[in-house]
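The next block holds one structure in the form of structure tokens; read it before the comments.
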Amino acid sequence: MLVSPPLITICGSIVALTFGAIIGKWAFVPLIISTWILFGYFVYRFSDVPQRKSWLAKSEGTWGWAILALVVGLIPLPILLRFYDTLSPWIVWLPWALIAIINPWFEEFYWRGLLLDYTKNWKKWQAVLYTSFFFSFNHVIFSFNSDMSKGIELFISTFIMGVVWAIVYQKTKSLRWCIFSHFLVDTFNLSAAVFLDLFSSGF
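Counting the sequence shown from 1 gives a position; the working numbering is that position plus 320.
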């Protein structure tokens, strides 16, 4: 399990480079689908039904952790408010909507649920940094075919989100708020429009 994060990133890099040479910026579609398949495989292979159900249990702890998750989820809202018109073609809004609905489940089940459970005997800060680093590093492969996804800002922002969601999961013993926050981020950041470089990052 501990080698699965770099393995997934390597496989994603191969897919991104291969399909990037064939279909250009649209390589994000096979990249995301192949990554979901790998996430699903590892979650199915290394967890059981009771464990997966526990990830969706009622949140414990104070409301402060839910509020923190919501704040993180709302950060990219200005992107949606300014560039929502890029979603006009169905060929853009359809993958954007599917990513927003599906992606949070696969990513949170794998990066937070499975990996944090698997490293539960580590010191908490070690588990948080380990999962958050590879969560962030895995997103860098989207920069192979997209100018909008390039830069240290992408790594830092996804790393911070990974840290927050990891801590929220540790404190609440549930992925509910992590999934919802991730859904907000994937909705507001106009993922498909970003991958296709449909607007400028300078706003």
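Note that the Cβ used here is the ideal one computed from N, Cα and C, for glycine as well.
Determine the DSSP secondary structure at residue i, reduced to helix, strand or coil.
| i | result |
| --- | --- |
| W442 | coil |
| P409 | coil |
| F523 | With a pLDDT of only 39 at F523, under 50, the local geometry of the prediction cannot be trusted, and no value is derived from it. |
| I395 | coil |
| K493 | coil |
| A512 | helix |
| L504 | helix |
| V323 | coil |
| D437 | helix |
| L418 | helix |
Relative to the alpha-carbon of residue i, which residue among the options has its alpha-carbon at the smallest distance?
| i | options | result |
| --- | --- | --- |
| L376 | A513, W497, F362, V392 | W497 |
| V483 | S469, D467, S501, S466 | S501 |
| M321 | F362, L400, F426 | F362 |
| V335 | F464, P370, L504 | F464 |
| L390 | L518, S324, K444, V505 | V505 |
| V323 | A341, Y438, E427 | Y438 |
| K440 | P398, K493, L400, A513 | K493 |
Within the 9 Å Cβ cut-off, does residue i reach chain B?
| i | result |
| --- | --- |
| W383 | Here there is only one protein chain, and chain B is not present. |
Any 3 or more C-beta pairs closer than 8 Å across the stretch 409 to 418 and the stretch 429 to 438: no
Every unbroken beta strand (DSSP E) inside the stretch 439 to 482 [3 residues or more]: none
Which runs of the alpha helix (DSSP H) spanning at least 4 residues fall entirely within the stretch 333 to 410, listed in chain order? Secondary structure in the stretch 333 to 410: the alpha helix (DSSP H) runs of 4 residues or longer, each lying completely within the stretch, are 348 to 366, 369 to 375, 383 to 394, 397 to 403 in chain order.
The stretch 342 to 349 contacting the stretch 449 to 467, beta-carbon criterion three pairs below 8 Å: yes
Please determine if the stretch 358 to 372 and the stretch 487 to 496 are in contact, where contact requires at least 3 C-beta pairs separated by less than 8 Å. no
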